[in-house]
Amino acid sequence: IENNGNVAVDNLVVALNAVMGAGTYASTDLPLGGTGTDAIRQALIYKPAKLTPVGSAQSDTDAIHSRPPLAQVFETANGERFSLVVNHFKSKGSCPASGVNTDQGDGQGCWNALRVEQAQALRSFIGGIQDSVDGDMLVIGDLNAYGREAPVLDLIDNGFVDQVSRFDAEGYSYVFDGEAGYLDHALASASLNNQIVGTRHWHINADEPAIIDYNTEFKQTACATCGPDYYSATAYRSSDHDPVVVGLSLLKSLTGTNGRDVISGTPGDDVIRGGIGADTISSGAGNDVIVYGSMRDAGDSVTDFAPGVDRLDLSALLTSLGINQATALANGHARVVAVSGGASVQIDADGAAGSAAFRPLVTLKGVIAATIEPVRDLGL
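The following block contains the structure:
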C-alpha cells in the first residue's frame, strides 16, 4: 500500500466499513522501527470482533530491506495467540549491470542473492518475536521468489512449512509470459502448522487480462474513436497477483478429569473434552466443539449448546464401538430425543438389529430436539 503513514490504509478501512458496517475492520498502528524508504509498504487490517493486537506492531530495521517486514501479535477471544508477518521482498526487475545480483541463468532472475539475504534477516527478526512474545508464526506476502527458489527454501530449510504446497500441489498466484507459479506465500512455524486447516490462492487476478484492471498506463487515452475502457468495479484484476487465503483453527483446548467436573469455556472457540464422569459443561460464546471418546464419558449436561454454532464430535466414540459414523443414524446407533428440559443425544452400541437399548450420552439443556441437524451439529 502507499507509504504515506496510515493515510492510504485508513482510506481502505473507511471504505470497507462503509460497506460492512462501522467498526468491522481496523488497521494496526504504524510499526516501531518505521516503514522504510520505498514508495510502498506493508499494512495489516483485521476484525476487532475476532482479534486483539498484543503490543505494538513491529518492523525489521535491518537495512537489507527497503520495504521492512511488518509484524503483529494477535490474540483471539479464547486467549490463543499467533504472530503474523507480512513481507514484500525485492523484485526480479531492474537488473544490475554486474555482481552477484545479476541474472545467474538459473531461473531465479535478478536480485536473487539479495532476496536470500532478506530471508535470512527475516528469520532473525522472527526469532526475536518468537523468543519474547509468541512462537506461533505465520509468514505471508509477496516474496518475489517462486516456491522452490533459494529465498523460500531458506525459510523452509529452517523450520517453516509451505502451506501452499501442503494444500495445493498446483498452486499459483502469478502468470508471466504464459507460465504460472506462486510468488505469494504462506509459511507457518512448526508450532502453528497443525492449526492451519486450509490454504488456497483466490484466482481473481493472475488469469485476467490487464485490459480490465484499474491502471491506465497501458490503455489508450480516452477519445471519441477510441475503444472502451473495460474496467469495472469488481474484484477481478484488482492486482496482477492472486491473494492467498489461509484458514486457521485457533481453538482453546479444555480437558476435564476422570470425575464429575464443572467445565466453563472461554468467550472464544473451544475444544472441550469432559472425559470420564458426568460433567456439567458450559461452553460459552464462540464456535465450540465438545468431544466424546467413549461411553465412559456419558452422563454429561451441556447448559448452553447452540445448534448451528456449537458441535458434538462423536467420531472417536463411534470408532471405539466399531460403528460407521456415516450410517450411525440410519442403522439405529444414534438418535436425538426430547427429554424434560432439553434434548438427549443417545447411543445404541449394537443398533436396530441388536437387543441393546439406547443409552443417554449427553443432555443439551434448553435445546429443542427438532432443531438439531445431525450432519451440522453431530457430524452424522
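The opening residue of the sequence shown carries number 119 in the working numbering; numbering runs sequentially from there. Each residue gets a CB set at the ideal place from its N, CA and C atoms; glycine is no exception.
*Between Y143, T179 and A308, which lies nearest to I163 when the distance is taken from Cα to Cα?*
Closest in C-alpha terms to I163, from the list Y143, T179 and A308, comes Y143.
_6 Å CB neighbourhood of L232 in its chain, flanking five on each side removed_ = Excluding five sequence positions before and after L232, the CB atoms of its chain that fall closer than 6 Å to its own CB belong to K208 and N219, given in chain order.
*asked:* Would L369 and D397 be called neighbours here (beta carbons separated by less than 8 Å)?
replied: For L369 and D397, no; Cβs fall outside 8 Å.
*If you draw a straight line from the C-alpha of S433 to the C-alpha of I441, how long is it?*
Linking S433 to I441 through their CA atoms gives a straight-line distance of about 9 Å.
_Spatial neighbours of F476 in its chain, beta-carbon cut-off 6 Å, leaving aside the 5 residues before and after_ = Cβ neighbours of F476 beyond the five flanking positions: Q464 and D466.
*Contact check, D418 vs G392 under 8 Å by CB: the rounded distance?*
With a Cβ gap of about 5 Å, D418 and G392 count as contacting.
*Do the CB positions of L68 and N262 come within less than 8 Å of each other?*
Only positions 119 to 498 of the chain appear in this structure, which leaves residue 68 out of reach.
*Could you name each continuous beta strand (DSSP E) segment of 3 residues or more that falls completely within the segment 299-352, going from the start of the chain to the end?*
Segments of the beta strand (DSSP E) lying fully in the segment 299-352: 302-306 and 314-319.
_Going residue by residue through the segment 417-461, where are the continuous alpha helix (DSSP H) segments of at least 4 residues, counting only ones entirely within it?_
The segment 417-461 contains these whole alpha helix (DSSP H) runs: 433-438.
*asked:* As a quick exercise: from A328, I322 and H303, pick the residue whose alpha carbon is nearest that of D295.
replied: Closest by alpha carbon: A328.
_Cβ pair count under 8 Å reaching 3, the segment 332-340 against the segment 272-287_ = Touching, no, given that fewer than three Cβ pairs across the two stretches are closer than 8 Å.
*Counting pairs of beta carbons, one from the segment 224-239 and one from the segment 159-173, are three or more of them closer than 8 Å?*
The answer is no - the segment 159-173 does not touch the segment 224-239, with fewer than three Cβ pairs under 8 Å.
*Within the segment 365-426, ranges of the beta strand (DSSP E) (whole runs, at least 3 residues)*: If we require 3 residues or more, the beta strand (DSSP E) runs fully inside the segment 365-426 come out as 370-373, 380-382, 388-391, 398-400, 407-409 and 418-420.
*Going by the CB atoms, is the gap between N205 and R241 shorter than 8 Å?*
No Cβ-Cβ contact shorter than 8 Å links R241 with N205.
_Check for me: the alpha helix (DSSP H) holding E235 runs from which residue to which?_
Annotation for E235: the continuous alpha helix (DSSP H) segment containing it runs N230 to S250.
*asked:* I need the DSSP call for V218, collapsed to helix, strand or coil.
replied: In the structure shown, V218 adopts coil according to DSSP, grouped into three states.
*asked:* If you reduce the DSSP assignment to three classes, tell me which class T146 lands in.
replied: In this structure, DSSP gives T146 a state outside helix and strand, which the three-state scheme calls coil.
*Is I258 buried or exposed, if buried means 16 or more other CB atoms sit within 10 Å of its CB?*
With 16 or more Cβ atoms within 10 Å of its Cβ, I258 is classed as buried.
*Taking the alpha helix (DSSP H) that N205 falls in, what are its first and last residues?*
Careful: N205 lies outside any alpha helix (DSSP H), inside the beta strand (DSSP E) at R199 to H206.
*What number of angstroms, rounded off, separates the C-alpha of T510 from the C-alpha of P186?*
For the chain, the structure presents residues 119 to 498; residue 510 sits outside this window and is missing.
*asked:* Measuring only the C-alpha atoms, how far is C344 from A403?
replied: Going from the Cα of C344 to the Cα of A403 covers about 58 Å.
*Would you mind stating whether L134 and S177 have Cβ atoms separated by less than 8 Å?*
Not closer than 8 Å, so no.
*Please classify A175: does DSSP put it in a helix, a strand, or coil?*
A175 falls in the strand class under three-state DSSP.
_Taking the straight line between their C-alpha atoms, what separation do you get for D406 and T445?_
If you draw a straight line from the Cα of D406 to the Cα of T445, it comes to about 24 Å.
_On the DSSP bridge list, what partners appear for A189?_
A189 is bridged to Q176 and V203.
*asked:* I'd like to check one pair, I490 with P425: are the Cβ atoms closer than 8 Å?
replied: Yes, the pair counts as a contact, with Cβ atoms nearer than the cut-off.
*Look up Y290 in the DSSP assignment and give the residues it is bridged to.*
Y290 pairs with nothing; no bridge assigned.
*In chain order, what residues of the same chain have a beta carbon less than 8 Å from the beta carbon of Q248, not counting five sequence neighbours either side?*
The answer, listed in chain order, is S201, M255 and S307.
*Please state whether DSSP places T489 in a helix, a strand or coil.*
Helix.
*asked:* If you reduce the DSSP assignment to three classes, tell me which class D495 lands in.
replied: Correct three-state label for D495: helix.
*asked:* Output needed for T194: all residues of its chain with C-beta closer than 6 Å, excluding positions within five of it in sequence on either side, in chain order.
replied: Contacts found: L368 and G386.
*Going by beta carbon distance, what residues of the same chain come within less than 7 Å of N124, once the five residues before and after it are set aside?*
Result list for N124: S145 and L148, in chain order.
*Skipping 5 residues on each side, what residues in its chain have a beta carbon closer than 8 Å to that of V364?*
Here the set comprises L256, I258, Q281, A304, I314, G316 and T317.
*Proximity below 8 Å, CB of I182 to CB of N121*: At the C-beta level, I182 and N121 stay beyond 8 Å of one another.
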